[in-house]
Amino acid sequence: MKIIDHINNAKGNTLFSFELLPPIKGQSIKGIFDAIDPLMEFNPPFIDVTYLREDYIYKQHANGLLEKVAYRKRPSTVATCAAIMNKYKVDAVPHLICGGFTKDETENALIDMQFLGIDNVLVLRGDARKSDNAFIPTPDGHAYASDLLNQVTDMNKGKYLHDDMGTSERTDFCIGVAGYPEKHFESPNLDTDFKYLKLKVDLGAEFIVTQMFFDNKKYKEFVDKCRANGINVPIIPGLKPITNSKQLMSLPKVFHLDIPIELSEAIQSCSNEKDVKSVGIEWMINQCKELKEMGAPVLHFYTMGNPEPTKKIIQGVF
Ligand code: FAD
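Residue 274 in full-length UniProt numbering is what sits at position 274 of the sequence shown, and the numbering runs on without skipping anything.
Dropping the structure here:
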């Protein structure tokens, strides 16, 4: 079922969903199931699976020359989604990124998704490869999420890259995109970032999932600004509790967000990591209760494969 239908069917009640990473190559699907099992009692209508772009390694040849070789660290996001849907009878939402895909490879991935009964896709530009300083589009790939979105909406009309199949052979994906309450780090200002978010919605995105944030004021301002600018699709808050003290530095650095002083000081005053985790979870429970009151359509958790903190939070909220 489409995310938009899950949200409409909930008639204003806040839903719960979460996302995880495909396992490292060489591991089995069991790791994924172990990360999902503890959360199934809360009936998530959908589970997202992220996409991690391949990276490069340098292989040294006998003559001393170095060759740049692409390598993949994880099995396919689409395959992981299919396994989740098959086992749990729940919608799985693959993330589809621009980086690493030519347009033909994107089309092939979307054909596989449609064939497997996947109704939703979260369309993203993707992060830069670790070995690159900035995002570099793949030759004959897409530079921005909006370009990738155009390819999906074309397929939703039956227009494939090399043939127009007409509406009888069209795909029917419900498309989500990313939004940044505290601005995407590359954008010169919030207004410019908004302009491109609105472009994604105008081109056909039906829901937005936000970057994580720790201050609900930021979410409220973001939603208000979206509404004032004619962005009327559901805005799903992306959430992650702080579970260790190192995250006080790593989360702002990686995700370009602010941690409110009340939270950072509460964490700094903890004498051990167990207390840090409790403070982080308690903060997130309060944040979620307030988001529910504010009418957030879904509370979406970045579990990173660790379900326990999310389980405690959901028990505290619902
Ligand atoms: P875009 O919407 O393309 O925006 C990128 C930047 O370019 C922004 O600064 C924007 O303002 C600007 N921009 C947009 N369109 C244009 C244009 N036409 N012309 C000029 N500038 C433009 N990364 C992964 O690799 N895999 C994942 O699975 C993944 N999942 C994510 C899930 C969520 C909910 C979120 C919030 C992020 C996720 N990311 C993931 C990270 C994301 O890929 C990065 O934040 C990336 O840097 C931007 O992606 P985007 O889709 O927001 O890009």
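Here a beta-carbon is modelled for each residue, glycine too, at the ideal position from N, C-alpha and C. Every value quoted in this text rests on a predicted model; they were computed, and no experiment measured them.
Tell me the residue span of the alpha helix (DSSP H) that contains residue i.
| i | result |
| --- | --- |
| Glu-273 | 273 to 293 |
| Thr-302 | A small fix is needed here, since residue 302 is Tyr in this sequence, not Thr. First-last for Tyr-302: 298 to 302, but that is the beta strand (DSSP E), not the alpha helix (DSSP H). |
| Glu-221 | 216 to 228 |
| Ile-261 | 261 to 268 |
| Val-233 | Looking at the DSSP string, Val-233 is not in any alpha helix (DSSP H), and its letter there is neither H nor E. |
| Thr-210 | Run containing Thr-210: none in the alpha helix (DSSP H); it sits in the beta strand (DSSP E), 207 to 210. |
Count the other CB atoms, across all protein chains shown, that sit within 10 Å of the CB of residue i; report buried if there are 16 or more and exposed otherwise.
| i | result |
| --- | --- |
| Gln-287 | buried |
| His-6 | buried |
| Ile-84 | buried |
| Tyr-58 | exposed |
| Tyr-51 | buried |
| His-142 | buried |
| residue 319 | With the chain covering only 1 through 318, there is no way to say anything about residue 319. |
| His-95 | buried |
| Ile-261 | exposed |
| Arg-125 | buried |
State the Cα-Cα distance for the pair residue i and residue j, rounded to the nearest angstrom.
| i | j | result |
| --- | --- | --- |
| Phe-42 | His-162 | 43 Å |
| Gly-179 | Gln-211 | 6 Å |
| residue 327 | Ser-168 | There is simply no residue 327 to check, as the chain begins at 1 and stops at 318 in what is shown. |
| Asn-156 | Phe-101 | 19 Å |
| Ile-24 | Glu-67 | 24 Å |
| Glu-290 | Thr-14 | 11 Å |
| Gly-31 | Pro-45 | 21 Å |
| Leu-203 | Asn-150 | 7 Å |
| Val-123 | Ile-281 | 29 Å |
| Lys-277 | Ile-136 | 37 Å |
Hey, quick one: how far does the beta strand (DSSP E) through residue i stretch, first residue to last?
| i | result |
| --- | --- |
| Glu-186 | First-last for Glu-186: undefined, no H or E at that position. |
| Ile-47 | 46 to 49 |
| Thr-14 | From DSSP, Thr-14 is part of no beta strand (DSSP E); its letter is neither H nor E. |
| Gly-176 | 174 to 179 |
Tell me which same chain residues have a C-beta within less than 8 Å of the C-beta of residue i, skipping the five on either side of it?
| i | result |
| --- | --- |
| Ser-131 | Asp-55, Tyr-56 |
| Ala-266 | Val-279, Trp-283 |
For residue i, which residues from the same chain have a beta carbon less than 7 Å from its beta carbon, with the 5 sequence-adjacent residues on both sides left out?
| i | result |
| --- | --- |
| Lys-225 | Phe-194 |
| Ser-264 | Leu-248 |
| Ile-313 | Pro-241, Ile-281, Met-284, Ile-285, Cys-288 |
Between residue i and chain B, is there a C-beta pair that is closer than 7 Å?
| i | result |
| --- | --- |
| Gln-315 | The structure shown contains no chain B, having only a single protein chain. |
- [ ] Within the region 113 to 161, note down every full beta strand (DSSP E) run reaching 3 residues or more, in order along the chain.
- [x] 120 to 124
Open item on the list: At 4 residues or longer, what runs of the alpha helix (DSSP H) sit wholly inside the region 52 to 103?
Closed with: 77 to 88
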